[in-house]
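Report on the structure given below.
In this note's numbering, the protein residues as written are 4 to 302.
Here is the structure:
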């Protein structure tokens, strides 16, 4: 009799079906090198270790990213819109250490890790849609919580908007703008752009999910998933000190756990080392009207 193997997949949720399809997606990732000693406590009992890179500036550092997402989904009789952030550490499962490549940041961001073992551990995930929060917690084990955003993102329908800007607030916001978790602005107009392949991304988290728990736990299950984007993204690498001044990261003074972790890691003057932008193409366009009967006198 064949021996029963342990289950590979967590139990399927009866409400949320996989895969989840994005109908539109605009996002900006900003990446930072952070001292390893500041990040390791956040990976305690996750069975994950920080990804290793060959770049000289990566010595003793860990790669952290802030991933802002503005997306929509068609759900039968409704359209769901979501703003969301992933505050992530780039890492790999320690049990697979012998198989994990060590590469340059450029190769990694170009999607050259064919093993897909290097991924992003989601430390905190704020979102402004209750259904998205529920799905993230139940299906993906995210430390996800409901909150409020202000944002302005470039889009073909707002041609005068060139810069990215967003603020995510403490869940107790209630109109008090002093309760920002953080604000980020990005002017990419003076930075050379490269087109790159959004190779499937590996994302890590732990079950059970929820915001009110430690990032890891010995009694929790480490899970992984893949995220596919259909198109190409813009990548900005090798930022000079002058180009790094095109970004501002202002971390709030609130005592929310995400703000506390942001201050502990990125509050020491961390500079943006790379950026990725993805904007899904429009599905259709309707052009300006024109007069059909030019002979008719206009009033």
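No residue lacks a Cβ here, since even glycine has one placed at the ideal position from N, Cα and C.
All values reported here derive from a predicted model rather than from experimental measurement.
Identified DSSP bridge partners for residue i
i: residue 277; result: 34
i: residue 72; result: 30 and 87
i: residue 153; result: 170
i: residue 329; result: Coverage of the chain is limited to positions 4 through 302, which leaves residue 329 absent and any answer about it impossible.
i: residue 186; result: 170 and 253
i: residue 53; result: 94
i: residue 147; result: 128
i: residue 158; result: 161
Sequence-distant residues of its chain with Cβ nearer than 8 Å to residue i (five each side left out)
i: residue 194; result: 239, 242, 246, 249 and 278
i: residue 260; result: 127 and 214
i: residue 102; result: 118 and 120
7 Å CB neighbourhood of residue i in its chain, flanking five on each side removed
i: residue 104; result: 116 and 118
i: residue 2; result: Residue 2 is absent from the model: the chain starts at 4 and stops at 302.
i: residue 77; result: 26
i: residue 175; result: 182
Same chain, Cβ closer than 6 Å to residue i, five either side skipped, listed in chain order
i: residue 237; result: 196 and 280
i: residue 251; result: 188
i: residue 16; result: 141 and 142
i: residue 153; result: 170
i: residue 138; result: 19
i: residue 28; result: 74 and 283
i: residue 274; result: 247
i: residue 31; result: 71, 167 and 280
Contact belief for residue i with residue j at Cβ below 8 Å, rounded distance in angstroms
i: residue 183; j: residue 170; result: 5 Å
i: residue 100; j: residue 47; result: Not quite, the Cβ-Cβ distance comes to about 17 Å (not below 8 Å), so this is no contact.
i: residue 149; j: residue 161; result: Rounded, the Cβ-Cβ distance is 26 Å, inconsistent with contact.
Residue i vs residue j beta-carbon contact at 7 Å
i: residue 108; j: residue 58; result: yes
i: residue 71; j: residue 88; result: yes
i: residue 122; j: residue 206; result: yes
i: residue 74; j: residue 85; result: yes
i: residue 67; j: residue 268; result: yes
i: residue 218; j: residue 45; result: yes
i: residue 209; j: residue 223; result: yes
i: residue 212; j: residue 165; result: no
i: residue 272; j: residue 254; result: no
i: residue 185; j: residue 265; result: yes
i: residue 50; j: residue 97; result: yes
Closer than 7 Å to chain D by CB, residue i
i: residue 141; result: Annotation note: the requested chain D is absent from the structure, which comprises a single protein chain.
Margin query: Report the start-end ranges of each beta strand (DSSP E) in the region 194-232 that is 3 residues or longer and not cut off at the edges.
Written below: For the region 194-232, whole beta strand (DSSP E) runs of length 3 or above, ordered along the chain, are 197-199, 204-210 and 224-230.
Check: Which runs of the alpha helix (DSSP H) spanning at least 4 residues fall entirely within the region 241-266, listed in chain order?
Finding: 244-247
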